[in-house]
Amino acid sequence: MITRQNLLQRISDIPQVNIGHFPTPLEECPRLSEALGGPRIFIKREDCSGLAFGGNKVRQLTFTIGEGVDQGADTIIQGAASQSNHCRQAAAACSKLGLNCYLRLARDHKSIVQGNLLLDHLAGADVEVVDVPFGPELEEFKFGLAEKLKAQGLKPYVIASPRSTGLAGVAFTWCIAEIHEQQKQIGIDADWIYTASVGGTQAGLVLGTKALGMKLKPFACAPIHWEGKIDRIRDAANLAASILNLDTQIKDSDIQNTDDYIGKAYGYLTPECISALKLVASTEGIILDPVYTAKAMACLIDHIQQGRFDSNDTVIFLHTGGTPALFAYNEELSANGVR
Numbered sequence: 004m005i006t007r008q009n010l011l012q013r014i015s016d017i018p019q020v021n022i023g024h025f026p027t028p029l030e031e032c033p034r035l036s037e038a039l040g041g042p043r044i045f046i047k048r049e050d051c052s053g054l055a056f057g058g059n060k061v062r063q064l065t066f067t068i069g070e071g072v073d074q075g076a077d078t079i080i081q082g083a084a085s086q087s088n089h090c091r092q093a094a095a096a097c098s099k100l101g102l103n104c105y106l107r108l109a110r111d112h113k114s115i116v117q118g119n120l121l122l123d124h125l126a127g128a129d130v131e132v133v134d135v136p137f138g139p140e141l142e143e144f145k146f147g148l149a150e151k152l153k154a155q156g157l158k159p160y161v162i163a164s165p166r167s168t169g170l171a172g173v174a175f176t177w178c179i180a181e182i183h184e185q186q187k188q189i190g191i192d193a194d195w196i197y198t199a200s201v202g203g204t205q206a207g208l209v210l211g212t213k214a215l216g217m218k219l220k221p222f223a224c225a226p227i228h229w230e231g232k233i234d235r236i237r238d239a240a241n242l243a244a245s246i247l248n249l250d251t252q253i254k255d256s257d258i259q260n261t262d263d264y265i266g267k268a269y270g271y272l273t274p275e276c277i278s279a280l281k282l283v284a285s286t287e288g289i290i291l292d293p294v295y296t297a298k299a300m301a302c303l304i305d306h307i308q309q310g311r312f313d314s315n316d317t318v319i320f321l322h323t324g325g326t327p328a329l330f331a332y333n334e335e336l337s338a339n340g341v342r
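Counting in the numbering used here, the sequence shown runs from 4 upward without gaps.
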């Protein structure tokens, strides 16, 4: 166990770029708590992190692009699903820093120039939708593009696992250090922190809470079926611990993550996520996204309704952003009573 100040010193020693608005707010949601008849709820507003509508990847990109710049890169390569929040925030970060940005997006049912994909273009990224599956094939495709760009005289840095996932773990260890201080300022000691994750975000929450000896227990709702997700989260947390020179080691038993709220597949809405989205918007004026945070909120709501908490408990919900994706789902939302 280490102190918050010691942890922050270790984080400050890692190459990084100044691209976000930190610390992000931690705000109470009394009307949401009242509507649910449940625990005291706070939302950690990673959607307020800056850069093209913000989101949790701004914190991660602080370190991945920071590492690239430290290595002399003038070009960043990233790729994911067509409505990727990570790609949108990478494009914005590159614009802010004067770097080239190449995005290669997997063709899917939301490959429309709306939402995040529209913002990719507005930020000036070199965007191409490719017929390459999201996953290992797309990762390989990104490294192939890097070789082509090197031949053209550019100096690319590829954002890719496992390194990027480990650096995301560093980023959300930093987020926990913020929450540690914010809890003191507010006068709370929360029991749980809920979020959407199958990777570095949860890895950092688990590592940070354990390293600082906090009561706070992370619980994550998977937005996608990911084979070997527990291994991925554990390995990312332990890579982050290595990067930070921490003695803390994460075990499988430290990780709580459910697939129960994914629905049909990644990127497809569920009735429960639409209800959660509407409830949070109508009680607190906070807008969730349909792919990640609305499903994680549906999970939290279901757990409250199951009686897992009482009115004496305190829960933090980590809002990972992603709100621009809403505009790519206007038809589905309208068909389900959002009008």
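In this text, a Cβ means the ideal position worked out from N, Cα and C, and glycines have one as well. Note that the coordinates shown come from a computational prediction; the quantities given were computed from them, not determined experimentally.
Item to check | Alpha-carbon to alpha-carbon, Trp177 and Gly325 | outcome: Taking the sequence shown and counting its residues from 1, the one referred to as residue 325 is at position 322. Taking the sequence shown and counting its residues from 1, the one referred to as residue 177 is at position 174. Taking C-alpha positions only, Gly325 is separated from Trp177 by approximately 20 Å.
Checklist entry - When the Cβ atoms of the stretch 122 to 129 are set against those of the stretch 99 to 111, are three or more pairs found closer than 8 Å? => result Three or more beta-carbon pairs separated by less than 8 Å link the stretch 122 to 129 to the stretch 99 to 111, which places the two stretches in contact.
Next on the checklist: Considering only their Cβ atoms, is the gap separating Arg34 from Thr286 smaller than 7 Å?
Outcome noted: In the sequence shown, counting from the first residue as 1, residue 286 sits at position 283. In the sequence shown, counting from the first residue as 1, residue 34 sits at position 31. Taking 7 Å as the Cβ cut-off, Thr286 and Arg34 qualify as a contacting pair.
Checklist entry - Relative to the C-alpha of Ala243, which residue among Ile196, Lys232, Ile179 and Ala171 is closest? => result Here residue 243 refers to the residue found at position 240 when the sequence shown is read from its first residue. Selected option, being the one with the closest Cα: Ala171.
Item to check | Coil, strand or helix - Gln309 by DSSP | outcome: Against the sequence shown, residue 309 aligns to sequence position 306. In the displayed model, Gln309 falls within coil according to three-state DSSP, outside both helix and strand.
Item to check | Coarse secondary structure for Asn339, derived from DSSP in three states | outcome: As a working mapping, residue 339 is identified with position 336 in the sequence shown. It is coil, neither helix nor strand.
Next on the checklist: Does the beta-carbon of Asp313, which I'm using as the reference point, lie nearer than 6 Å to any heavy atom of the ligand ADP?
Outcome noted: You won't find the ligand ADP in this model; it holds no ligand whatsoever.
Item to check | As assigned by DSSP and simplified to three states, the class of Asp234 | outcome: Against the sequence shown, residue 234 aligns to sequence position 231. Three-state result, Asp234: helix.
Checklist entry - Taking Met217 as the reference, which of Glu131, Lys232, Ile233 and Glu181 has the closest Cα? => result As a first step, residue 217 must be located in the sequence shown, where it is residue number 214. Looking at the Cα atoms, Glu181 is the closest of the given residues.
Item to check | Cβ neighbour criterion (16 or more within 10 Å) applied to His322 | outcome: As a position in the sequence shown, residue 322 is number 319, starting the count at 1. Residue environment: His322 is assigned as buried (16 or more neighbouring CB atoms within 10 Å of its CB, all protein chains considered).
Next on the checklist: Quick check for students: name the residue ranges of the alpha helix (DSSP H) that lie wholly in the stretch 204 to 274, counting only runs of 4 or more.
Outcome noted: Taking only runs of at least 4 residues, the alpha helix (DSSP H) segments lying wholly in the stretch 204 to 274 are 232 to 246.
Next on the checklist: Taking its Cβ as the centre, do 16 or more other Cβ atoms sit within 10 Å of Lys153, making it buried, or is it exposed?
Outcome noted: Here residue 153 corresponds to residue number 150 of the sequence shown, with the count starting at 1. Here Lys153 is exposed: its Cβ has fewer than 16 other Cβ atoms, across all protein chains shown, within 10 Å.
Item to check | Cβ-based burial, Gln205 [other Cβ within 10 Å; buried from 16] | outcome: As a working mapping, residue 205 is identified with position 202 in the sequence shown. It is buried - the Cβ of Gln205 has at least 16 other Cβ atoms within 10 Å.
Checklist entry - Three-state secondary structure (DSSP) at Val61? => result Residue 61 sits at position 58 when you count from the first residue of the sequence shown. Helix.
Checklist entry - Just to confirm, are Ala76 and Ile22 a CB contact at a threshold of 7 Å? => result As a working mapping, residue 76 is identified with position 73 in the sequence shown. As a working mapping, residue 22 is identified with position 19 in the sequence shown. For Ala76 and Ile22, no; Cβs fall outside 7 Å.
Checklist entry - Taking the alpha carbon of Val341 as the point to measure from, which residue in Val294, Leu280 and Gly190 has its own alpha carbon closest? => result Counted from its first residue, the sequence shown places residue 341 at position 338. The option with the nearest alpha carbon to Val341 is Leu280.
Checklist entry - DSSP on Val201, reduced to helix/strand/coil? => result Your numbering for residue 201 matches position 198 in the sequence shown. The answer is coil: DSSP assigns Val201 none of H, G, I, E or B.
Checklist entry - What are the boundary residues of the beta strand (DSSP E) that includes Pro159? => result Translated into the one-based positions of the sequence shown, residue 159 becomes position 156. Counted as a single uninterrupted DSSP element, the beta strand (DSSP E) harbouring Pro159 occupies residues Pro159 to Val161.
Next on the checklist: Three or more C-beta pairs under 8 Å: does that hold for the stretch 82 to 96 against the stretch 188 to 198?
Outcome noted: The stretch 82 to 96 and the stretch 188 to 198 do not touch, with fewer than 3 CB-CB distances between them shorter than 8 Å.
Item to check | Collapsed DSSP secondary structure at Ala84 in the structure displayed | outcome: Along the sequence shown, one-based indexing puts residue 84 at 81. Of the three classes helix, strand and coil, the one that applies to Ala84 here is strand, per DSSP.
Checklist entry - Are there 16 or more other CB atoms within 10 angstroms of the CB of Phe146, so buried, or fewer, so exposed? => result In the sequence shown, the residue the question calls residue 146 occupies position 143. Phe146 should be labelled exposed.
Checklist entry - Apart from the five residues just before and just after Asp73, which ones in its own chain have a Cβ nearer than 8 Å to its Cβ? => result Numbered from its first residue, the sequence shown carries residue 73 at position 70. Within the same chain, Asp73 has close Cβ partners Pro18.
Next on the checklist: Using the three-state DSSP reduction, which class does His183 fall into: helix, strand or coil?
Outcome noted: Looking up residue 183 in the sequence shown gives position 180. Shown here, His183 sits in a helix according to DSSP, grouped into three states.
Checklist entry - Exposed or buried, what is Gly288 when buried is set at 16 or more other beta-carbons lying within 10 Å of its beta-carbon? => result Here residue 288 corresponds to residue number 285 of the sequence shown, with the count starting at 1. An exposed status is given to Gly288, since fewer than 16 other beta-carbon atoms sit within 10 Å of its beta-carbon.
Checklist entry - Should Lys223 and Thr198 be called a contact, given that it needs their Cβ atoms to be closer than 7 Å? => result Within the sequence shown, residue 223 is the residue found at index 220, counting from 1. Within the sequence shown, residue 198 is the residue found at index 195, counting from 1. The amino acid occupying residue 223 in the given sequence is Ala; Lys does not appear at that position. Cβ atoms of Ala223 and Thr198: closer than 7 Å.
Checklist entry - Run through DSSP, which three-state label would Tyr105 get? => result Stepping through the sequence shown from its first residue, residue 105 is reached at position 102. Correct three-state label for Tyr105: strand.
Checklist entry - Whose CA, out of Leu219, Ala214, Leu329 and Phe312, lies closest to the CA of Tyr271? => result For the purposes of this step, residue 271 is identified with residue 268 of the sequence shown, where counting begins at 1. Looking from the CA of Tyr271, the closest CA among Leu219, Ala214, Leu329 and Phe312 belongs to Leu329.
Checklist entry - Under a three-way DSSP split, which group does Asp129 fall into? => result Within the sequence shown, numbered from 1, the residue matching residue 129 stands at position 126. The three-state reading of DSSP puts Asp129 in strand, counting E and B together.
Checklist entry - Closest by CA to Lys232, which one among Ser200, Gly71 and Gln63? => result One-based indexing of the sequence shown puts residue 232 at position 229. Closest in C-alpha terms to Lys232, from the list Ser200, Gly71 and Gln63, comes Ser200.
Checklist entry - When DSSP labels each residue in this structure, what does Thr27 get in the three-state scheme? => result Here the question's residue 27 lines up with position 24 in the sequence shown. In the three-state reduction of the DSSP assignment, Thr27 falls in the coil class.
Item to check | Lys47 - DSSP class collapsed to helix/strand/coil | outcome: Numbered from its first residue, the sequence shown carries residue 47 at position 44. Here Lys47 sits in strand by DSSP.
Item to check | Distance between beta carbons of Pro221 and Ile253, contact taken as under 8 Å | outcome: Stepping through the sequence shown from its first residue, residue 253 is reached at position 250. Stepping through the sequence shown from its first residue, residue 221 is reached at position 218. The Cβ separation is near 11 Å, so there is no contact.
Next on the checklist: Tell me the rounded alpha-carbon separation between Phe175 and Gly207.
Outcome noted: Sequence index remark: in the sequence shown, residue 175 carries index 172 (1-based). Sequence index remark: in the sequence shown, residue 207 carries index 204 (1-based). Cα atoms of Phe175 and Gly207: separation of roughly 4 Å, rounded to the nearest angstrom.
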